[in-house]
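Data block below; observations after.
Protein chains: 2
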Amino acid sequence: MTRGEARSGGSAAPRGVDVARLAGVSQKTVSRVFNGEQYVSAEVRRRVLQAAETLGYRLNNAARALASGRTRSIGVVALGTALYGPASLLIGIERAARDAGYALRVVNTLEGDPGGVAGAVESLLEQGVDGIVVSEPIDEGGVSLSIDVPVLVLGAPASFAGPRAVATGVGAESLARAATEHLLDLGHMTVHHIAGPQRWFAARDRLAGWRAALTARGRDQPPVIEGDWSAASGYAAGLELASGGDVTAVFAANDDMAIGLIRALTDAGLRVPGDVSVVGFDDIPVAAYVTPQLTTVRQPFDAVAQDGLRLLVQSIEKPDVELPPANDPPVDLVVRCSTAPPPRRQAQGRGRRQTASRSRGGAHAPPDADESPSVR
Amino acid sequence: MTRGEARSGGSAAPRGVDVARLAGVSQKTVSRVFNGEQYVSAEVRRRVLQAAETLGYRLNNAARALASGRTRSIGVVALGTALYGPASLLIGIERAARDAGYALRVVNTLEGDPGGVAGAVESLLEQGVDGIVVSEPIDEGGVSLSIDVPVLVLGAPASFAGPRAVATGVGAESLARAATEHLLDLGHMTVHHIAGPQRWFAARDRLAGWRAALTARGRDQPPVIEGDWSAASGYAAGLELASGGDVTAVFAANDDMAIGLIRALTDAGLRVPGDVSVVGFDDIPVAAYVTPQLTTVRQPFDAVAQDGLRLLVQSIEKPDVELPPANDPPVDLVVRCSTAPPPRRQAQGRGRRQTASRSRGGAHAPPDADESPSVR
DNA sequence: TTGAAAGCGCTAACAG
DNA sequence: CTGTTAGCGCTTTCAA
Numbered sequence: 001m002t003r004g005e006a007r008s009g010g011s012a013a014p015r016g017v018d019v020a021r022l023a024g025v026s027q028k029t030v031s032r033v034f035n036g037e038q039y040v041s042a043e044v045r046r047r048v049l050q051a052a053e054t055l056g057y058r059l060n061n062a063a064r065a066l067a068s069g070r071t072r073s074i075g076v077v078a079l080g081t082a083l084y085g086p087a088s089l090l091i092g093i094e095r096a097a098r099d100a101g102y103a104l105r106v107v108n109t110l111e112g113d114p115g116g117v118a119g120a121v122e123s124l125l126e127q128g129v130d131g132i133v134v135s136e137p138i139d140e141g142g143v144s145l146s147i148d149v150p151v152l153v154l155g156a157p158a159s160f161a162g163p164r165a166v167a168t169g170v171g172a173e174s175l176a177r178a179a180t181e182h183l184l185d186l187g188h189m190t191v192h193h194i195a196g197p198q199r200w201f202a203a204r205d206r207l208a209g210w211r212a213a214l215t216a217r218g219r220d221q222p223p224v225i226e227g228d229w230s231a232a233s234g235y236a237a238g239l240e241l242a243s244g245g246d247v248t249a250v251f252a253a254n255d256d257m258a259i260g261l262i263r264a265l266t267d268a269g270l271r272v273p274g275d276v277s278v279v280g281f282d283d284i285p286v287a288a289y290v291t292p293q294l295t296t297v298r299q300p301f302d303a304v305a306q307d308g309l310r311l312l313v314q315s316i317e318k319p320d321v322e323l324p325p326a327n328d329p330p331v332d333l334v335v336r337c338s339t340a341p342p343p344r345r346q347a348q349g350r351g352r353r354q355t356a357s358r359s360r361g362g363a364h365a366p367p368d369a370d371e372s373p374s375v376r
Numbered sequence: 001m002t003r004g005e006a007r008s009g010g011s012a013a014p015r016g017v018d019v020a021r022l023a024g025v026s027q028k029t030v031s032r033v034f035n036g037e038q039y040v041s042a043e044v045r046r047r048v049l050q051a052a053e054t055l056g057y058r059l060n061n062a063a064r065a066l067a068s069g070r071t072r073s074i075g076v077v078a079l080g081t082a083l084y085g086p087a088s089l090l091i092g093i094e095r096a097a098r099d100a101g102y103a104l105r106v107v108n109t110l111e112g113d114p115g116g117v118a119g120a121v122e123s124l125l126e127q128g129v130d131g132i133v134v135s136e137p138i139d140e141g142g143v144s145l146s147i148d149v150p151v152l153v154l155g156a157p158a159s160f161a162g163p164r165a166v167a168t169g170v171g172a173e174s175l176a177r178a179a180t181e182h183l184l185d186l187g188h189m190t191v192h193h194i195a196g197p198q199r200w201f202a203a204r205d206r207l208a209g210w211r212a213a214l215t216a217r218g219r220d221q222p223p224v225i226e227g228d229w230s231a232a233s234g235y236a237a238g239l240e241l242a243s244g245g246d247v248t249a250v251f252a253a254n255d256d257m258a259i260g261l262i263r264a265l266t267d268a269g270l271r272v273p274g275d276v277s278v279v280g281f282d283d284i285p286v287a288a289y290v291t292p293q294l295t296t297v298r299q300p301f302d303a304v305a306q307d308g309l310r311l312l313v314q315s316i317e318k319p320d321v322e323l324p325p326a327n328d329p330p331v332d333l334v335v336r337c338s339t340a341p342p343p344r345r346q347a348q349g350r351g352r353r354q355t356a357s358r359s360r361g362g363a364h365a366p367p368d369a370d371e372s373p374s375v376r
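For the record, the sequence lines run as chains A and B. Take the first sequence: its letter number 298 is residue 298 in the UniProt record's numbering, and every next letter is one higher. Take the second sequence: its letter number 374 is residue 374 in the UniProt record's numbering, and every next letter is one higher.
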């Protein structure tokens, strides 16, 4: 059965020529109209659009891609977890891609799977994407991807994905540093850290930020406890810390672990923030409503995604122009009620500016109604 | 510049003919090998694979789609929120699609946007997907989609997406019913409900389940308070309920609202579960670690996604075969510490089987280490 | 078991 | 401003 027969039969999708015929123009003109090219008279454009409308015409992207060598789509390699951070980032990426006129193809890697990223990239390449974003990957060891499209790496070193890759940080290190400094500013002698799994670059960055803050002030670096992002692991870490005895401040690498930690501390008879102060990371939706309301830092997912995609799209569309450096994402520390000056000495920490907004969380006040009690 | 020149230049991607030439076969044979067709001798297959390997050959999907009329990809219309439920469902869909050999194209709709789903579907169709899944949509009023590919609607009536659509429930109604019944079984005379935004089908289903449970036992239906899924709205609802005075049990349509609610109740001087019992919905990761540990119900995202995709793939590949009915998803009630018998009368609720596992949440025991203290 | 020929519906390059 | 002519790299017949 040839296409012509199908047409008279009536059920197949209309093509550009069909529209052209109806509008009394050439197929190329139809193409021009649908690509928003200039040099089409208003009258012709109207006729074409009209004809397309009556026929229910729709551009065929496969044909377009084949002819032009471009798909106007971006592939993303994600981790496939419902963790707040990665999920939020994916949403930001989708929106930024759509705004830039690109469709999104998503492949998740299973966390256990070695070489998962490489496989995912391969399948994306086969699908013919114009660019790839690797979102908050974990370190799988010597990955060497020979990719012939631009790659944006979010939250990991560019070297991760080969020479032609661009990278954008998600600001994790400076956020971690701010979180730690907040605790130090409150008068704590040092800050413990419950880290995320160190295979994640995201976890390493947070650790690095914590370390940097401590180093900058010449403070001790207590041993790090490594969790797995889960509240359960935070709980386990909390039990360990509680038995240690000399802990007054903890920075947890995400809010879930912070919440588990707080529960363990509380179960062990310690008060938060009376005895121990805790800062989380992410500002998950319930952070303002758990007890005590969680002091945390917030990642600028939308800004990061938008910025990164701008870079990626540029290196797709104008490969020769030098890329502008990515903006430094803003630091957003949200001070609530899980942090306070340490119990005994150094009570002079009290009253500093950083602690001012703590007073908003009074027992009967709706927590955080305005959603932005940020400092810095 | 013709393709031949590019080849000798050396940089362009190798095509099927190039592989064919090197392997000394026809291009069609290469195609046969890469499609796993039969009737290729082992020897020839080996040679082709070998040649492809040395050339770094990769199938061109655009060409394939153009020639065959199929893309082996599925489009999903999602809501673009980082809410635990929708995010988890998307992950389940991705995995199920990948397992079935389909790539995924994702488009999010902005919540405010009227006709958002229709627009998203349109863009997916233009991209040439073989099937579409609409994931937990909100009701945008009279949507009439004239879609010429199979559609799977997850968590909404099939009618939502036109005559040819398949639908799979996510079990929300029976879960809501189970949650409500749990409270009733504990001895509460009735159960209040904090609903999700009623434009969401998901929210309506939960409300329906709650109503069904109450009706079945001939209990009063207290007025419903409608939240917006956020902890803040749960908090507001809690304040309202606390001022009412006669509340002993509340079922919240998601965990975030339940947590906000509990905070409001606590702030108002009520004890949970001493004075008021609360059940949530979702079992978000921190549910087992907040205070009190949250009793909640868990949605079977993976099962639902897998089941739904099986249906979708079948109606893509075998449009004529009658679809088997979708399985009823399992009901998974997770009883923790936010529920108990009501304060005064009806103390005989105590000791029933449903409450047995509550004892696990003793003050110093790690909450829920095994992750599955489910009942029913 | 293999191959040859003919498109799929569009864009690119070049004329008018 | 508009049209013509070639493909893009596959899959689909139909033969051999």
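Beta carbons are placed, not taken as given, at the ideal position from N, Cα and C, and that holds for glycine.
Checklist line | Residue interval of the alpha helix (DSSP H) (run including leucine 309(B)) | finding: In the second sequence, the residue the question calls residue 309(B) occupies position 309. Note, leucine 309(B): alpha helix (DSSP H), 301-317.
Checklist line | Collapsed DSSP secondary structure at asparagine 60(B) in the structure displayed | finding: Within the second sequence, the letter at position 60 stands for residue 60(B). Three-state result, asparagine 60(B): coil.
Margin query: Please tell me whether tyrosine 289(A) has its Cβ less than 8 angstroms away from any Cβ of chain B.
Written below: Position 289 of the first sequence holds residue 289(A). Output row for tyrosine 289(A): interface = yes.
Notebook entry, point to check: Buried or exposed: where does tyrosine 57(B) fall if 16 or more other Cβ atoms within 10 Å of its Cβ makes it buried?
Noted result: One-based indexing of the second sequence puts residue 57(B) at position 57. Its Cβ being crowded by 16 or more others within 10 Å, tyrosine 57(B) is buried.
Check: In its own chain, which residues sit with a C-beta less than 7 angstroms from the C-beta of glycine 128(A), not counting the 5 before and 5 after it?
Finding: Looking up residue 128(A) in the first sequence gives position 128. Contacts found: Ala65, Thr71.
Item checked: Contact with chain B by asparagine 61(A), beta-carbon distance below 8 angstroms -> One-based indexing of the first sequence puts residue 61(A) at position 61. Output row for asparagine 61(A): interface = yes.
Check: Can you name, in chain order, every residue of its own chain whose Cβ lies under 7 angstroms from the Cβ of alanine 63(A), other than the five neighbours on each side?
Finding: Within the first sequence, numbered from 1, the residue matching residue 63(A) stands at position 63. Here the set comprises nothing.
Next item on the list: Compare the C-beta of glycine 155(A) against all C-beta atoms of chain B and say whether one is closer than 8 angstroms.
Entry: Numbered from 1 along the first sequence, position 155 holds the residue referred to as residue 155(A). Cβ-Cβ to chain B under 8 angstroms: no for glycine 155(A).
Check: Using CA coordinates, which residue listed in Ser233(A), Leu333(A), Ala264(A), Glu136(A) is at the minimum distance from arginine 177(A)?
Finding: Numbered from 1 along the first sequence, position 177 holds the residue referred to as residue 177(A). Ranking the options by Cα distance to arginine 177(A), first place goes to Leu333(A).
Next item on the list: Using a threshold of 8 angstroms, state whether the C-beta atoms of threonine 29(B) and alanine 42(B) are closer than that.
Entry: Stepping through the second sequence from its first residue, residue 29(B) is reached at position 29. Stepping through the second sequence from its first residue, residue 42(B) is reached at position 42. Contact: no.
Notebook entry, point to check: Starting from threonine 81(B) and walking both ways along the beta strand (DSSP E), at which residues does that stretch end?
Noted result: Sequence index remark: in the second sequence, residue 81(B) carries index 81 (1-based). Element bounds for threonine 81(B): n/a, residue is neither H nor E.
Checklist line | Unbroken alpha helix (DSSP H) run spanning phenylalanine 34(A), endpoints | finding: Position 34 of the first sequence holds residue 34(A). It spans 27-34 - the alpha helix (DSSP H) in which phenylalanine 34(A) sits, taken as one unbroken run.
Next item on the list: Report buried or exposed for proline 342(A), applying the criterion of at least 16 other Cβ atoms within 10 angstroms of its Cβ.
Entry: Along the first sequence, read from residue 1 onward, the residue named residue 342(A) stands at position 342. When all chains shown are included, proline 342(A) counts as buried.
Check: Based on Cα-Cα distance, which residue from Pro285(A), Tyr235(A), Val290(A), Val297(A) lies nearest to alanine 268(A)?
Finding: Position 268 of the first sequence, counted from the first residue, corresponds to residue 268(A). It is Tyr235(A).
Check: Got a sec: which bits of the stretch 269-303 of chain A sit with their beta carbon under 8 angstroms from any beta carbon on chain B, in order along the chain?
Finding: If the cut-off is 8 angstroms between Cβ atoms, the stretch 269-303 of chain A has Ile284, Pro285, Val286, Ala288, Tyr289, Val290, Thr291 near chain B.
Notebook entry, point to check: By the criterion of Cβ-Cβ separation under 7 angstroms, what are the contact partners of isoleucine 147(A) in chain B?
Noted result: By 1-based counting over the first sequence, the position of residue 147(A) is 147. Within 7 angstroms Cβ-Cβ: nothing; isoleucine 147(A) doesn't reach chain B, min ~12 angstroms.
Notebook entry, point to check: Is it buried or exposed for glycine 16(B), if we count other Cβ within 10 angstroms and need 16 for buried?
Noted result: For the purposes of this step, residue 16(B) is taken as residue 16 along the second sequence, with counting starting at 1. The C-beta of glycine 16(B) has 16 or more other C-beta atoms within 10 Å across all chains shown, which makes the residue buried.
Notebook entry, point to check: Taking one C-beta from the stretch 262-281 of chain B and one from the stretch 231-249 of chain A each time, how about it: are there three or more such pairs within less than 8 angstroms?
Noted result: no
Notebook entry, point to check: What first and last residue would you give for the beta strand (DSSP E) that runs through valine 133(A)?
Noted result: Your numbering for residue 133(A) matches position 133 in the first sequence. Its beta strand (DSSP E) spans residues 131-135.
Notebook entry, point to check: Going by the CB atoms, is the gap between arginine 105(B) and leucine 79(A) shorter than 8 angstroms?
Noted result: Within the first sequence, numbered from 1, the residue matching residue 79(A) stands at position 79. Within the second sequence, numbered from 1, the residue matching residue 105(B) stands at position 105. At the C-beta level, leucine 79(A) and arginine 105(B) stay beyond 8 angstroms of one another.
Item checked: Reduced DSSP secondary structure (H/G/I, E/B, other) of glutamine 348(A) -> Residue numbering aside, residue 348(A) sits at position 348 when the first sequence is read from its first letter. Because the pLDDT of glutamine 348(A) is 38, which lies under 50, any placement of that residue in the model is unreliable, and the question is left without a value.
Checklist line | Under 8 angstroms by beta carbon: chain A residues contacting glutamine 127(B) | finding: The sequence position of residue 127(B) within the second sequence is 127, counting from 1. Using a Cβ-Cβ cut-off of 8 angstroms, glutamine 127(B) is close to Asn61, Ser73, Ala103 of chain A, given in chain order.
Next item on the list: Sort Leu265(B), Thr291(B), Leu186(B) by Cα distance to alanine 264(A) and report the nearest one.
Entry: For the purposes of this step, residue 264(A) is taken as residue 264 along the first sequence, with counting starting at 1. Here the closest residue by C-alpha is Thr291(B).
Notebook entry, point to check: CB-CB under 7 angstroms to proline 121(B), same chain, minus the five flanking residues each way: which ones, in chain order?
Noted result: By 1-based counting over the second sequence, the position of residue 121(B) is 121. In the sequence as presented, proline is not what sits at residue 121(B); that position holds valine. Once the five neighbours on either side are set aside, the close Cβ partners of valine 121(B) are Val77, Ile132, Leu145, Ile147.
Next item on the list: Report the neighbours of glutamate 94(A) on chain B: residues whose CB is nearer than 8 angstroms to its CB, in chain order.
Entry: The residue labelled residue 94(A) in the question sits at position 94 within the first sequence. Per Cβ cutoff of 8 angstroms: Gly80, Val106, Val107, Asn108.
Check: On the three-state DSSP scale, how would you describe serine 243(A)?
Finding: Position 243 of the first sequence, counting from 1, holds the residue named residue 243(A). In the three-state scheme derived from DSSP, where H, G and I count as helix and E and B as strand, serine 243(A) is classed as helix.
Next item on the list: Confirm, please, whether the CB-CB distance from serine 135(A) to proline 197(A) is below 8 angstroms.
Entry: Stepping through the first sequence from its first residue, residue 197(A) is reached at position 197. Stepping through the first sequence from its first residue, residue 135(A) is reached at position 135. Contact flag unset, no.
Checklist line | threonine 109(A) to tyrosine 102(B) span [Cα, whole Å] | finding: The count along the first sequence starts at 1 and reaches residue 109(A) at position 109. The count along the second sequence starts at 1 and reaches residue 102(B) at position 102. Cα to Cα, the separation comes out at about 15 angstroms.
Next item on the list: Using beta-carbon positions only, say whether alanine 231(B) and valine 286(A) come within less than 8 angstroms of one another.
Entry: For the purposes of this step, residue 231(B) is taken as residue 231 along the second sequence, with counting starting at 1. For the purposes of this step, residue 286(A) is taken as residue 286 along the first sequence, with counting starting at 1. Result yes, Cβ atoms of alanine 231(B) and valine 286(A) sit closer than 8 angstroms.
Check: Under the rule that 16 or more other beta-carbon atoms within 10 Å means buried, what is valine 48(A), buried or exposed?
Finding: The sequence position of residue 48(A) within the first sequence is 48, counting from 1. Its Cβ being crowded by 16 or more others within 10 Å, valine 48(A) is buried.
Check: Shorter than 8 angstroms from the beta carbon of glutamine 354(A) to some beta carbon of chain B?
Finding: The count along the first sequence starts at 1 and reaches residue 354(A) at position 354. Because the pLDDT at glutamine 354(A) is just 37, under 50, the model does not fix this residue reliably, and the value given afterwards should be weighed accordingly. False, the Cβ-Cβ gap to chain B never drops below 8 angstroms.
Note to self: Please return the same chain residues whose Cβ sits closer than 6 angstroms to the Cβ of alanine 340(B), not counting the five positions on each side in sequence.
What the structure shows: Numbered from 1 along the second sequence, position 340 holds the residue referred to as residue 340(B). So the qualifying residues of the chain are Pro273, Ser277.
Next item on the list: Could you tell me which uninterrupted beta strand (DSSP E) segments, each at least 3 residues in length, are contained entirely in the stretch 111-195 of chain B, listed from first to last along the chain?
Entry: 131-135, 151-154, 166-168, 192-195
Next item on the list: From the DSSP output, read off the bridge partner residues of isoleucine 225(B).
Entry: Residue mapping note: residue 225(B) aligns to position 225 of the second sequence, counting from 1. DSSP lists Ile194(B) as partners of isoleucine 225(B).
Next item on the list: Quick one: list the residues of chain A neighbouring serine 88(B), beta-carbon separation under 7 angstroms, in chain order.
Entry: By 1-based counting over the second sequence, the position of residue 88(B) is 88. Ala82, listed in chain order.
Notebook entry, point to check: What residues from chain B crowd round serine 41(A), counting only those whose CB sits closer than 8 angstroms?
Noted result: Counting from one through the first sequence, the residue named residue 41(A) turns up at place 41. Chain B residues near serine 41(A): none, gap ~25 angstroms exceeds 8 angstroms.
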